[in-house]
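Numbering-wise, my numbering comes out as the position in the sequence shown, counting from 1, plus 614.
Ideal Cβ placement from N, Cα and C applies to all residues, glycine included.
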Amino acid sequence: MAKIAYLNGRSYRGQKMGPGQLPEAELVSHELIVAEGKKRGIDFVIEYWDEPDLPRRGYDAAIIRTCWDYTGRADEFVAAIEAHERAGLRVFNSSAVVRWNARKTYLRELGAAAIETVWLDRVDGRAVAQAFDALDAAEIVIKPQIGAGSVRTIRLKRNAWSEADLIDGPQSDAMVQPYLQSIETEGERSLFWFGGVFSHAIRKVPNKGDWLANIPGRTAFLAEAAPAGAMDAAESARAHAPKDLLYVRIDLVLGDDGKWRVIEIEAIEPYLFLDFAPEGAGVFVDAIARVLSL
């Protein structure tokens with residue numbers, strides 16, 4: 615039986631993760647993946663990503679999964695994955711992909727498929743005012759260039775904000791995007807490919823009066839076929855992404871012009887939404903089996 619390290623973080627949103635413990639949001643996905651692994655002769659073992667002797671524990675490969683503490687330790691995370699690879703352990707997705715995907719400046723490479731973005735090396739009143747003008751937007755969203763889970767993400771309305779509002783936003787490199795009203799009705803779409811094979815699509819719609827489309831308890835998650843335009847935009851983005859992705863999630867929103875735009879490519883530690891699309895677990899594990907030639 616093949617043995618795969620299922621890489622986990624030591625904490626999640628301030629809560630310590632004990633050995634073998636996963637964030638609650640991952641429990642169903644993990645169970646599904648483990649069950650599909652048994653059918654294919656693959657054993658998944660939960661491990662911390664920063665264990666220095668991981669390559670010597672007899673694993674055939676390691677899969678980055680719930681390393682949801684990496685954004686606070688980004689340099690250390692990349693260094694750890696690179697060290698595992700140098701020691702002979704195959705890690706998916708690779709350290710090269712992690713380095714490419716960790717900072718959201720990769721959106722610059724996607725051309726018209728990506729949402730319009732203003733890039734800032736610091737967030738202050740002048741920069742924000744200029745971003746409103748550059749985007750010709752009535753509302754904007756400011757978020758970190760390295761981040762996850764909407765941490766340090768803020769929304770501002772033109773002529774209705776002050777520098778005090780920036781305290782809860784990014785404290786260093788940031789990105790500014792127009793706020794799209796479709797978020798409140800259409801929501802976001804997340805599309806998944808495993809080993810280059812399309813798996814499933816999820817629609818994420820915020821609760822009435824809310825606008826963050828990825829917060830459990832504040833968002834409705836629905837397994838729903840992606841509109842053709844969303845699929846086309848995602849495929850365009852995939853064409854600009856690294857070619858050796860074991861897994862990738864592409865998030866899209868509907869622009870005011872009726873065109874779908876990519877807001878994120880998640881190729882490090884995406885939540886896979888298998889709770890809502892359990893058939894995706896088999897597609898995911900099949901991709902692993904192909905990579906390992908099982």
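- Within the DSSP secondary-structure output, M615 pairs in no beta bridge.
- Leaving aside the five residues that flank L826 on each side, the residues in its chain whose CB is nearer than 8 Å to its CB run, in chain order, S764, T767, P820, R832 and T833.
- Under the three-state reduction of DSSP output, N622 falls in the strand class.
- Shown here for L805: same chain residues with a beta carbon closer than 6 Å to its own, the five before and five after excluded, namely A815, A840, A848 and I864 in chain order.
- Per DSSP, reduced to three states, the secondary structure at P669 is helical.
- D657 has K617 as its beta-bridge partners, per DSSP.
- Nearest in C-alpha terms to I877, of all of E893, A688 and R717, is R717.
- About 6 Å separates the Cβ atoms of I677 and I618, confirming a contact at the 8 Å cut-off.
- For the pair G869 and G801, the Cα-to-Cα distance works out to about 11 Å.
- Cβ atoms of A616 and L906 come within 8 Å of each other, at about 6 Å.
- With distances taken between CA atoms, F898 lies nearest to L860 out of E883, D889, P884 and L860.
- Taking A639 as the centre and dropping the five residues before and after it, the same chain places the C-beta of P830 and Y885 closer than 7 Å to its C-beta, in chain order.
- The residue among R679, G894 and I756 with its C-alpha nearest the C-alpha of G783 is I756.
- Taken in chain order, the complete beta strand (DSSP E) segments of 3 residues or longer contained in the segment 840-899 are 861-868 and 874-880.
- Counting C-beta pairs with one atom in each stretch, the segment 698-718 and the segment 649-662 have fewer than three that are closer than 8 Å, which means they do not touch.
- The beta carbon of Y626 lies closer than 6 Å to those of P637 and W682 in the same chain, with the five residues before and after it left out.
- By the criterion of a C-beta distance shorter than 7 Å, I695 is surrounded in its chain by V705, S709 and V712, once the five residues flanking it on both sides are discounted.
- Closest in alpha carbon position to L724, among L866, H854 and V867, is H854.
- For the pair A748 and R772, the CB atoms are not nearer than the 9 Å cut-off.
- Within the same chain, Cβ atoms closer than 6 Å to the Cβ of D824 are found at R832, the five residues on either side in sequence being excluded.
- A straight line joining the alpha-carbon of F691 with that of A701 spans about 16 Å.
- Under the three-state reduction of DSSP output, T680 falls in the strand class.
- DSSP places R700 in the helix class (H, G or I) of the three-state scheme.
- In the assembly as shown, K857 is an exposed residue. Its beta-carbon has fewer than 16 other beta-carbons within 10 Å.
- With a 10 Å radius around the Cβ and a threshold of 16 neighbouring Cβ atoms, K822 comes out exposed.
- Taking all protein chains shown into account, I781 has fewer than 16 neighbouring C-beta atoms within 10 Å of its C-beta and is therefore exposed.
- For A834, the uninterrupted beta strand (DSSP E) run begins and ends at T833 to A837, by DSSP.
- By the beta-carbon neighbour count (other beta carbons within 10 angstroms, threshold 16), P792 is buried.
- Considering only A788, S813, D689 and W807, the residue with the shortest C-alpha distance to L721 is A788.
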